[in-house]
Amino acid sequence: MAKSPLSPMRPATEAAALHDALRAAVEVLAARYLEAYEREDAAGCAEAFTLTARLDHPFGAPALGRDAIAAIHGEWFADEERDKRMWAIEVEPLGEACLALLGWSAETGPPGEEPPHRTTGVSLAILREDGREWRIHRMALVPGPD
């Protein structure tokens, strides 16, 4: 019987190595997503998600599936958002999946506005391994108080 990543029988060093590997995978995924976002490549952003992913956000109905996730990203590109950043706050194994709390921020408003306004928030995501890559399967965006 295979041990679950959360098994109490898993040695601490093995659990730490798994945690480090998951964090590295999440950071690679975030970097790929941000590269696509910077290019305003909606389909590229959607590639960070599984085919049947769900993206909950406070700006409308949930986006269900990659096509809907690409479409909502296309709408977001019109929001004059720049210097988007994303980082892993916490990453934990969840059976054969991964739970990630991500922080994000971006400058919003007209370019050159002084001082620039930075919007912040967090996203809670469940990731699944798709072949050799981790992809977002469920995500909820939670904007900060700004």
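The numbering of the sequence shown is the numbering used here, which starts it at 4 and goes up by one. Just so you know, even glycine gets a beta-carbon here, dropped at the ideal spot from N, CA and C. Keep in mind that this is a model prediction, so the values were computed, not measured.
- Of the candidates Trp137, Asp86, Ala103, Asp86 places its Cα closest to the Cα of Gly112.
- With a minimum length of 4 residues, the unbroken runs of alpha helix (DSSP H) contained wholly in the region 52 to 122 fall at 69 to 79.
- In the DSSP assignment, Arg42 falls outside any beta strand (DSSP E) and carries neither an H nor an E.
- In the DSSP annotation of this structure, the continuous segment of the beta strand (DSSP E) that includes Glu136 starts and ends at 136 to 146.
- When the five nearest sequence neighbours on each side are left out, the beta carbons in the same chain lying within less than 6 Å of the beta carbon of Ala49 are those of Arg69, Ile72, Ala73, in order along the chain.
- Remark: C-beta atoms of Arg57 and Arg141 approach each other more closely than 7 Å.
- If you check the CB distance, Leu144 and Ser126 come in under 7 Å.
- The criterion of a C-beta distance shorter than 7 Å is not satisfied by Arg121 and Glu132.
- A residue is called buried once 16 or more other Cβ atoms fall within 10 Å of its Cβ, and Phe62, having fewer, is exposed.
- DSSP places Glu30 within a helical segment (H, G or I) once states are collapsed to three.
- One alpha carbon belongs to Trp79, the other to Tyr40, and they sit about 10 Å apart.
- If you check the CB distance, Arg26 and Ala91 come in under 7 Å.
- The beta carbon of Ala51 sits closer than 7 Å to those of Leu32, Arg35, Tyr36, Arg138, Ile139, all from its chain and outside the five residues before and after it, given in chain order.
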